[in-house]
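**Q** Please read through the structure below; I'll follow up with questions.
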């Protein structure tokens, strides 16, 4: 009996009716809804839980295909999210050692404002990176009149002169230039003019990995590398060109390798940048719940992590469910509590434990981001993830969702009385079992089920 009371306590904490949302959503929340996303919790796939850093283009493309072929995309699993390690890992010991900062698609701000920001970032990068500034382009709006700017980078004074008279005026600030210039000798580069190869003049956007590798080999085989031509520079179009019309539509801002500054300082900047991007991008804040983001993130993003990372085991899953539950009142259309991705299908839990995992995440209106290998899912995993009855919403007409969850070590009878879940004692309801796809036409006073260890029964109760 004590076990059942404990289980029921967990039940009451997790039951809610979306019909009560109206009281929660105040005017302040609307600033976050300006991107038009997350009216319902996001659904899709994330690479981290199963693959960690072992990802490549083939896996991502095959996963996207699997979302379609399994029917999951049609059910609402739309996002394909590449987590950590999406950037190139197999660099040489020097890594990136040359950055050309071009003027294409600038935001209209002055280069004297934009370039110093990058200079400071490169100086903090932990390695020596040659910084090439590319500003004086007559075809860009920023250079529509004759101006000159001086920039200091990589121990070289870059003086881009568009007008001789302007250059003469700049020459009057000689002493200041010397003082600033010495500060930039810290990266040890640019003592002689750089020598190497750049892709733009001959290839423009017609570049690919094979071409770049062959060019690097040619630098060596021709002897040019031996005489000082060291840099292999990919100019414009180095990013993916053949994107679909959606391009990037989901950004997860993780907390790894942070600078020690508070997320309350870092995340607002990204939020504003995404709002200024000209497209709707789902913003997922992931600072691991360290500074209670549910209390401040709703005005910034569409979801926020309330917990640390999940592991594929019962203890981790139940612990995160408990940590997430305390923030239930902060979630709603436009922004959702995120207790981390799903582990369903990764093999560390039993089928019933995965059923409970999926049920609780759906009940809490958490993001449903699949974390297994979609290319090799078994039939049971597909059936669990495809049960639209479990996550469909919102509830209306005073309906209530109830999960009877047995967290004990043996089978138990679990009862939930109407007083526990906010119904009048005389209320008659229709009870729909979402996993058995069966309906009890008239239930009054209590909903009960015999539930196996670590399993659950999930119902939607509709007042008659």
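Residue numbers (the numbering used here): 24 to 487. Even for Gly, the Cβ is constructed at its ideal location relative to N, Cα and C. Predicted model only: the values in this text are computed from it and were never measured.
Could you spell out where the beta strand (DSSP E) holding residue 476 opens and where it closes?
**A** Where residue 476 is concerned, there is no enclosing beta strand (DSSP E), given that its DSSP letter is neither H nor E.
**Q** Do you know how far the Cα of residue 456 is from the Cα of residue 74?
**A** 34 Å
**Q** Per DSSP, what kind of secondary structure is residue 276 in: helix, strand or coil?
**A** strand
**Q** Rounded to the nearest angstrom, what separates residue 21 and residue 258 at their Cα positions?
**A** No answer is possible for residue 21: the residues shown for the chain start at 24 and end at 487.
**Q** So, helix, strand or coil for residue 177, using DSSP?
**A** For residue 177, the pLDDT reaches just 31, beneath the cut-off of 50, and the residue's location in the model is therefore unreliable, leaving the point undetermined.
**Q** For residue 275, count the other beta carbons within 10 Å of its own beta carbon; 16 or more makes it buried, fewer makes it exposed. Which is it?
**A** buried
**Q** Just mark residue 347 as buried or exposed, buried being the case when its beta carbon has 16 or more other beta carbons within 10 Å.
**A** buried
**Q** Check the DSSP bridge columns for residue 255 and list the partner residues they point to.
**A** 220
**Q** Going by C-alpha distance, which of 66, 483, 404 and 436 is nearest residue 476?
**A** 436
**Q** Assuming the contact rule is C-beta atoms closer than 8 Å, residue 307 and residue 331 should be a hit. Round their C-beta distance to whole Å, please.
**A** About 15 Å; that fails the 8 Å criterion.
**Q** Taking DSSP's pairing of strands, which residues face residue 425 in a bridge?
**A** Bridge partners of residue 425: 482.
**Q** Is there contact here, the segment 285 to 292 with the segment 304 to 319, by at least three beta-carbon pairs under 8 Å?
**A** yes
**Q** So the alpha helix (DSSP H) residue 406 belongs to, where does it begin and stop?
**A** 402 to 408
**Q** Helix, strand or coil: which one does DSSP assign to residue 487?
**A** coil
**Q** Pull up the distance between the alpha-carbon of residue 290 and that of residue 298, whole angstroms please.
**A** 12 Å
**Q** Does DSSP put residue 361 in a helix, in a strand, or in coil?
**A** strand
**Q** If you draw a straight line from the alpha carbon of residue 340 to that of residue 85, how long is it in whole angstroms?
**A** 28 Å
**Q** Could you check the C-alpha separation between residue 160 and residue 355 for me, to the nearest Å?
**A** With a pLDDT of 49 at residue 160, under the threshold of 50, the predicted position of this residue should be treated as unreliable, though the coordinate-derived value follows. Roughly 48 Å between the two C-alpha positions.
**Q** Quick check on residue 249: buried or exposed, where buried means 16 or more other Cβ atoms within 10 Å of its Cβ?
**A** exposed
**Q** Report yes if the CB atom of residue 254 is closer than 9 Å to the CB atom of residue 121, and no otherwise.
**A** yes
**Q** With which residues is residue 104 paired in a DSSP beta bridge?
**A** 69
**Q** Within its chain, find whatever has a CB closer than 6 Å to the CB of residue 440; leave out the 5 residues flanking it on each side and keep chain order.
**A** 469
**Q** Entirely within the segment 269 to 328 and at least 3 residues each: give me those beta strand (DSSP E) ranges in chain order.
**A** 273 to 276, 305 to 308 and 326 to 328
**Q** Relative to the alpha-carbon of residue 384, which residue among 244, 216, 409 and 363 has its alpha-carbon at the smallest distance?
**A** When C-alpha distances from residue 384 are compared across 244, 216, 409 and 363, the shortest belongs to 363.
**Q** State the DSSP-derived secondary structure class of residue 246, mapped to helix, strand or coil.
**A** DSSP places residue 246 in the coil class of the three-state scheme, outside both helix and strand.
**Q** By the 10 Å Cβ neighbour count, where 16 or more other Cβ atoms means buried, how is residue 479 classified, buried or exposed?
**A** Residue 479 is buried by the Cβ-count criterion.
**Q** With DSSP as the reference, identify every bridge partner of residue 455, one or two as the case may be.
**A** 462 and 483
**Q** Just how far apart, CA to CA, sit residue 98 and residue 369?
**A** 21 Å
**Q** If I follow the unbroken beta strand (DSSP E) through residue 342, where does it start and stop?
**A** Secondary structure note for residue 342: it is in no beta strand (DSSP E), and the uninterrupted alpha helix (DSSP H) holding it is 337 to 348.
**Q** Go ahead and pull the three-state DSSP assignment for residue 374.
**A** helix
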